[in-house]
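Worksheet: one structure, shown below.
Number of protein chains: 2
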Amino acid sequence: MLVGSIEAGGTKFVCAVGDDNYNIVDSKYFITEKPSITLKKVIDYFKNFKIEALGIASFGPLELRQDHAKYGYITTSPKLDWRDTDLYGILKAGLEVPIYLTTDVNGSTYGEYIMSRMTGEKINSLAYYTIGTGVGAGIINNGQFIGDLGHPEMGHVNVKRHPKDMAFAGTCPYHGDCLEGLVSGPTFEARLGKRGETVPQTNFVWDIMAYYVAQALIQTTLMFRPGKIVLGGGVMNGEFLKKIKQQFVKLLNGYVSTPAIDNYIVMPLIKHNGSATIGDFALALTKVAI
Amino acid sequence: MLVGSIEAGGTKFVCAVGDDNYNIVDSKYFITEKPSITLKKVIDYFKNFKIEALGIASFGPLELRQDHAKYGYITTSPKLDWRDTDLYGILKAGLEVPIYLTTDVNGSTYGEYIMSRMTGEKINSLAYYTIGTGVGAGIINNGQFIGDLGHPEMGHVNVKRHPKDMAFAGTCPYHGDCLEGLVSGPTFEARLGKRGETVPQTNFVWDIMAYYVAQALIQTTLMFRPGKIVLGGGVMNGEFLKKIKQQFVKLLNGYVSTPAIDNYIVMPLIKHNGSATIGDFALALTKVAI
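Note that the protein sequences, when read in sequence, are chains D and P. Start counting the first sequence at 71; every next residue gets the next number (the numbering used here). Start counting the second sequence at 71; every next residue gets the next number (the numbering used here).
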């Protein structure tokens, strides 16, 4: 049996076909042009395979309330061509298979959750943060996505400011110094005038950012007590992960127990940004009666 | 059919017997003495009624992992007499009925959730904060309590400090200036040298506290998108609620949609601190095959 995955992003649509063991059979990407062009290419691509269902992890904002008239639309996206686009409806009409649609970060979250369990980790709950151009998060609690009226937007929480970072106003157009405004990729340019890739780990800005990320992970820990927290996205790296874990342990101060820190706060199990594709396959499979 | 409720607190055990419409048939409280004394009185009380199940909302910390050898114990409580007490086991042996045990704040959370739905509110998710001697929270997400490895401890999250409150170190013995350390009842004495009841609403400390509580509610909103947030506990009052709502709207800055603010951030529907009793009845009823 074959299922499809679309990782729908602002710059490209990554399409993949997989079997029911999550092996990638074929994949191809298409540059994100106008919806009418890109979605036609995507539909034509999947028509080459006999997929039984499709999982989509998409940029947004998405309307995900099943009972809403605009269920499955990309709504107020800053990508103007894609505003008010019936992503679900167009793909459903074009491919005529069951579709599981969720946010980009939820796709990655589910991929990491499924793979963690397949590799023998006994977890029922997992949080995934992506720290890149923006900051987003997804949460699985007892096997289900969190979020009643919408998906979580945990990138925009407030955190306690670092004493050596009080003057920085933050980059979030909505909130200034929310988490995203303090640790996303563009903050490197705003703080230091250069790109993050060029900032050495010895620069104290990494410690400041680790302090903020650690606070967000403490919020998540205290609220959900997840079995594991996965950190992905372009800003993450091994040295930064170390600093985050150190700050987390210090700030939590043993208040609640967590799994051993090296198993608890980790980078993705699935390499090469592949978490969302695996997640999409798994979510598509939930739509197929087996 | 009758069910029982115990609201087990550090100063008293409030016991009640209710019918399956949540009407209180009888109630009595017992001062919290040593476990052997208090639990015997509680058992003797309930033996006067033919209860079919019991709901308990208890102080803690509690061991609530069902597969744990010490499931149902009060564990490392600061109340030394109650440390390592098999609350669940003793009551189960004494009363021989099914028991639903949860935290004090979870009991209140469930009571508010059930009553909101019974009065016609179409919500599946609800967050409840108690702001009193301590700060705690419970969350129902799609009808289920949140928390895999334990119950939420959202009273201890970090928040962005108010510019006019930077010097206050906070009162939390674990974290200093976490939420509880900044807004719980004892912070009035620590900041102003007098009890909260005597501090007029015109004192700016209420605005500072509202700023912190509002941030916690934003965290909850962004993480869970609950249908409603209920604020209970001894520190709450109508004027404080107003300030919290104002700060919440200002800080969220329209980033995500919520229900109308006056329906979204509210004080308990169930009066006279009765939320936990109703919640216990409802949780007890889940243990009875109807």
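Glycine residues also receive a C-beta, built at the ideal position from the N, C-alpha and C atoms. Note that this is a predicted model, so its numbers are computed, not measured.
Those residues which DSSP pairs with residue i across a bridge
i: Val73 (chain D); result: D:Gly88
i: Ile94 (chain D); result: D:Gly88
i: Asn211 (chain P); result: P:Gln214
i: Tyr170 (chain P); result: P:Gly125
i: Gly246 (chain D); result: D:Cys242
i: Tyr99 (chain P); result: P:Val84
i: Ile299 (chain D); result: D:Ala197 and D:Ile335
i: Ala354 (chain P); result: In DSSP, Ala354 (chain P) forms no bridge with anything.
i: Ala330 (chain D); result: Answer is none; Ala330 (chain D) lacks a bridge partner.
i: Leu132 (chain P); result: P:Ile144
i: Thr155 (chain D); result: D:Ile144
i: Val205 (chain P); result: P:Ile201
i: Ala78 (chain P); result: P:Phe83 and P:Ser128
is_contact[residue i, chain P] using C-beta, thresh 8 angstroms
i: Leu287 (chain D); result: no
i: Gln136 (chain D); result: no
i: His342 (chain D); result: no
i: Tyr180 (chain D); result: no
i: Tyr244 (chain D); result: yes
Any C-beta of chain D under 8 angstroms from that of residue i
i: Met185 (chain P); result: no
Beta-carbon proximity check, residue i vs residue j, cutoff 8 angstroms
i: Leu196 (chain D); j: Val300 (chain D); result: yes
i: Glu34 (chain P); j: His232 (chain P); result: With chain P running from 71 to 360 in the structure shown, residue 34 (chain P) is simply not present.
i: Gly292 (chain P); j: Phe318 (chain P); result: The displayed chain sequence assigns Leu, not Gly, to residue 292 (chain P). No, these two residues do not count as a Cβ contact at 8 angstroms.
i: Tyr244 (chain P); j: Asn323 (chain D); result: yes
i: Lys315 (chain D); j: Asn228 (chain P); result: no
i: Ala139 (chain D); j: Pro168 (chain D); result: no
i: Thr155 (chain D); j: Tyr170 (chain D); result: no
i: Ala354 (chain D); j: Ser75 (chain D); result: yes
i: Val175 (chain D); j: Thr200 (chain D); result: yes
i: Leu165 (chain D); j: Phe116 (chain D); result: yes
i: Asp151 (chain D); j: Lys82 (chain D); result: no
i: Thr102 (chain P); j: Leu132 (chain P); result: no
i: Pro338 (chain P); j: Gly308 (chain P); result: no
i: Pro329 (chain P); j: Gly304 (chain P); result: no
i: Gln289 (chain D); j: Gln289 (chain P); result: yes
i: Ala207 (chain D); j: Met188 (chain D); result: no
Cβ distance (whole Å) where residue i is taken to contact residue j below 8 angstroms
i: Gly266 (chain P); j: Gly255 (chain P); result: 6 angstroms
i: Val84 (chain D); j: Tyr99 (chain D); result: 5 angstroms
i: Ser128 (chain D); j: Leu157 (chain D); result: 6 angstroms
i: Gly32 (chain D); j: Lys149 (chain D); result: With chain D running from 71 to 360 in the structure shown, residue 32 (chain D) is simply not present.
i: Ile184 (chain D); j: Ala352 (chain D); result: 4 angstroms
i: Pro222 (chain D); j: Ile209 (chain D); result: 6 angstroms
i: Ile126 (chain D); j: Ala163 (chain D); result: The Cβ separation is near 14 angstroms, so there is no contact.
i: Leu252 (chain P); j: Ala284 (chain P); result: Going by Cβ atoms, the distance from Leu252 (chain P) to Ala284 (chain P) rounds to 12 angstroms, so no, they are not a contact pair.
i: Gly181 (chain D); j: Asn194 (chain D); result: Actually they are not in contact, since the Cβ atoms of Gly181 (chain D) and Asn194 (chain D) sit about 16 angstroms apart, beyond 8 angstroms.
i: Ile366 (chain D); j: Ile348 (chain D); result: Here chain D has residues from 71 to 360 only, and residue 366 (chain D) is not among them.
i: Ile121 (chain P); j: Leu72 (chain P); result: 5 angstroms
i: Lys313 (chain D); j: Asp277 (chain D); result: 6 angstroms
i: Ala280 (chain D); j: Phe310 (chain D); result: 7 angstroms
Discussion item. Which residues of the region 307-328 of chain P have a Cβ closer than 9 angstroms to any Cβ of chain D? Give them in chain order.
Written reply: Leu321, Leu322, Asn323, Gly324, Tyr325, Val326, Ser327 and Thr328
Discussion item. Beta carbons nearer than 9 angstroms to chain D: which residues of the region 197-218 of chain P have them?
Written reply: Ala207, Ile209, Asn211, Asn212, Gln214, Ile216, Gly217 and Asp218
Discussion item. Please list, in chain order, the residues of the region 221-241 of chain P that have any C-beta partner in chain D closer than 7 angstroms.
Written reply: Pro222, Glu223, Met224, His226, Val227, Asn228, Val229, Lys230 and Arg231
Item to complete: Would you list, in chain order, the members of the region 289-307 of chain P that have their beta-carbon closer than 9 angstroms to a beta-carbon of chain D?
Response: Gln289, Thr290, Thr291, Leu292, Met293, Phe294, Arg295, Pro296 and Gly297
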